[in-house]
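Position in the sequence shown (from 1) plus 17 gives the number in my numbering.
Where is the CB? At the ideal position from N, CA and C, for every residue including glycine.
Encoded as structure tokens, the structure appears first; notes follow it.
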Amino acid sequence: TFKDHIVSWVESYIEWMYEENAPAILAEIDRQIALVPSFPGLRHFPQGHGFKQWTGNDLKALMKVIFLPAIVDFIPSNMSCAIAAFLEFCYIVHQPSLDEADLEALDSALKCFEVECTIFEAVGIHPKGISIPRIYALQHYHQLIQQFGAPNGLCTSITESKHIDAVKKPWRKSNQHEALGQMLITNQ
């Protein structure tokens with residue numbers, strides 16, 4: 018997910034900016050993330066943010082309230098503004114219903130993100146600019162919401178669970194040699 022890119026870009030920036038002090042700073046960020054007390058509805062990260070594999074729900078939980086406060090002292094203000102604008106965009110999109118004021122706020126958050134995300138280009142993390150299809154797709158949310166209504170929390174984790182049921186489980190049951198036919202039979 019794009020949130021995963023943000024986490025890795027921040028890590029790259031800290032490693033570039035702070036060089037030999039980067040491991041200590043990343044450890045401090047992990048410590049701050051781990052210190053967040055348990056709270057209903059808020060995922061706890063006792064080991065910080067360093068996992069081998071992230072799920073969409075892990076990233077959503079990390080970004081919900083924990084990540085930006087943990088990194089804000091170690092990144093430039095326009096980088097934190099870019100991240101905050103992106104998160105604001107995400108929060109608006111996940112509302113169950115959206116009115117014109119919400120759509121204006123959505124556009125404002127996207128414009129702010131587009132202006133401020135040039136910091137990732139300026140510091141060399143993305144020297145040729147950010148060209149991720151999902152960022153381009155954000156420009157169409159306003160129009161699509163007007164046409165089809167609020168996404169209401171629709172996310173890739175929904176299709177991820179279907180992918181597991183429809184592809185991964187049947188693949189494991191097959192002999193992995195010309196498996197498509199076997200997978201289709203399993204899914205019947």
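- Message: At the level of alpha carbons, what is the spacing between GLN164 and ILE109?
- Response: Residue numbering aside, residue 164 sits at position 147 when the sequence shown is read from its first letter. Residue numbering aside, residue 109 sits at position 92 when the sequence shown is read from its first letter. Cα to Cα, the separation comes out at about 17 Å.
- Item | Contact the segment 25-41 vs the segment 91-108: 3+ CB pairs below 8 Å | Yes, they touch.
- Query: What does a CB cutoff of less than 8 Å around TRP188 pick up in its chain, not counting 5 residues either side in sequence?
  - Reply: Start at 1 with the first residue of the sequence shown, and residue 188 comes out as number 171. Only residues of its own chain outside the window of five on either side were considered, and among them ALA196 and MET200 have a CB closer than 8 Å to the CB of TRP188, listed in chain order.
- Look up LEU59 in the DSSP assignment and give the residues it is bridged to. Locating residue 59 in the sequence shown gives position 42, where the first residue counts as 1. Paired residues: PHE56.
- Item | Closest residue to HIS22 among LEU43, PHE137, GLU37 and GLU36 (Cα-Cα distance) | What you label residue 22 is simply residue 5 of the sequence shown in a count that begins at 1. Ranking the options by Cα distance to HIS22, first place goes to PHE137.
- What first and last residue would you give for the alpha helix (DSSP H) that runs through LEU164? On the sequence shown, position 147 is the one that residue 164 refers to. The question names Leu, yet the displayed sequence has Gln at residue 164. For GLN164, the enclosing alpha helix (DSSP H) covers residues 158-165.
- Task: May I have the straight-line CA-CA distance separating VAL184 from ASN169, to the nearest angstrom?
- Result: Residue mapping note: residue 184 aligns to position 167 of the sequence shown, counting from 1. Residue mapping note: residue 169 aligns to position 152 of the sequence shown, counting from 1. Near 26 Å, if we compare the C-alpha coordinates of ASN169 and VAL184.
- Message: According to DSSP, simplified to helix, strand and coil, what is PHE106?
- Response: Within the sequence shown, residue 106 is the residue found at index 89, counting from 1. Three-state result, PHE106: helix.
- Message: For ALA118 and GLU37, I'd like the C-alpha separation in whole angstroms.
- Response: Locating residue 118 in the sequence shown gives position 101, counting from the first residue. Locating residue 37 in the sequence shown gives position 20, counting from the first residue. Going from the Cα of ALA118 to the Cα of GLU37 covers about 46 Å.
- Item | When PHE56, SER55, ILE31 and PRO54 are compared against ALA44, the one with the closest alpha-carbon | Residue mapping note: residue 44 aligns to position 27 of the sequence shown, counting from 1. Comparing Cα positions, the closest option is ILE31.
- Item | Helix, strand or coil at PHE91 [DSSP, three-state] | Numbered from its first residue, the sequence shown carries residue 91 at position 74. Residue state, collapsed to three classes: coil.
- Message: On a Cα-Cα basis, can you pick out the residue from ASN192, THR135 and PHE62 that is closest to ILE83?
- Response: Taking the sequence shown and counting its residues from 1, the one referred to as residue 83 is at position 66. The shortest Cα separation from ILE83 among ASN192, THR135 and PHE62 belongs to PHE62.
- Message: Spatial neighbours of GLY141 within its chain, please: C-beta separation below 8 Å, excluding the five flanking residues on both sides.
- Response: Taking the first residue of the sequence shown as position 1, residue 141 is located at position 124. By the criterion of a C-beta distance shorter than 8 Å, GLY141 is surrounded in its chain by TRP33, once the five residues flanking it on both sides are discounted.
- Query: When we look at the beta-carbon of ALA41 and count the other beta-carbons within 10 Å, is it buried (16 or more) or exposed?
  - Reply: Position 24 of the sequence shown, counted from the start, is the residue given in the question as residue 41. ALA41 comes out exposed.
- Using the rule of at least 16 other Cβ atoms within 10 Å of the residue's Cβ for burial, across every protein chain shown, is LEU52 buried or exposed? In the sequence shown, residue 52 corresponds to position 35, counting from 1. Label assigned to LEU52: exposed.
- Smallest Cα separation from ILE46: which of ALA139, GLY198, ALA122 and ILE92? Residue 46 sits at position 29 when you count from the first residue of the sequence shown. The shortest Cα separation from ILE46 among ALA139, GLY198, ALA122 and ILE92 belongs to ILE92.
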